[in-house]
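Just so you know, we're using UniProt numbering here: the sequence shown kicks off at 1 and counts up by one. Yeah, the Cβ is synthetic: ideal placement off N, Cα and C, and Gly gets one too. On a predicted model such as this, the values are computed, not experimentally measured, just so you know. Have a look at the structure below, then the notes.
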Amino acid sequence: MANSEKTLMLVKPDGVAEGHIGEVITRLERKNYQISALKVIKATPEQLQAHYQEKVGKPYFKEIETYMMEGPLVAIIVSGTGVVKAVHRLAGQTRPSDALPGTIRGDFAHEYPDGILRNVVHTSDSRENAHHEIAIWFPELAVKSRKDEEKTKSKK
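Encoded structure:
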């Protein structure tokens, strides 16, 4: 498919702990998107620093890091036509109180009085970010550089 693209969705530790993995996947499949890859992993500080690179120096980054490392998460590569925008819309607004019913965050996320957000999922917001984020969470699928391929051939 010429118009097919890929995006990343993370079911965050709260979504995993509350049992929303199946519903998230069901919602993707109902839209006829393909699950290209899926794995359950425990986030590392290095992955989170790479993923949230623009937030690393901010005072709230430690809170994000603690949240994302409090349990396993599910990383999913989703493929399909127009999938980046569509999956981002399916997730809903970042703040649970702003997310519409029918979106993943609108139906499952929590915003607590002390300002702590538990918003269940992350989705890439652009093709460029999807490419960058997929490489972080699925490094085994990253395209090898030409030099790496040449080294492999020369060893044979």
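Collapsed DSSP secondary structure at E70 in the structure displayed: coil
Same chain only: Cβ atoms within 7 Å of G22, ignoring 5 sequence neighbours per side: none
Supposed contact pair V120 and G15 - C-beta distance, whole angstroms, cut 8 Å: Between V120 and G15 the Cβ distance is about 4 Å, and since that is below 8 Å, they are a contact.
Under 8 Å between C-beta atoms of K6 and L73: no
C-alpha gap between P113 and R95, whole angstroms: 13 Å
8 Å Cβ cutoff met for V78 and I35: Result yes, Cβ atoms of V78 and I35 sit closer than 8 Å.
With 16 other Cβ atoms within 10 Å as the buried cut-off, status of A99: buried
Classification of S97 by the beta-carbon crowding that lies within 10 angstroms, buried from 16 upward: Residue environment analysis places S97 among the exposed positions, since fewer than 16 neighbouring C-beta atoms fall within 10 angstroms of its C-beta.
Per-residue DSSP class, three states only, for L28: helix
Check whether W137 and A75 have beta carbons under 8 Å apart: yes
Residue burial classification, Q47 (beta-carbon count within 10 angstroms, cutoff 16): buried
Residue range of the beta strand (DSSP E) that includes V56: Annotation: V56 is outside any beta strand (DSSP E) and is labelled neither H nor E by DSSP.
For K6, the residue or residues it bridges with in DSSP: By DSSP's assignment, K6 forms a beta bridge with S79.
Check whether R118 and H131 have beta carbons under 8 Å apart: no
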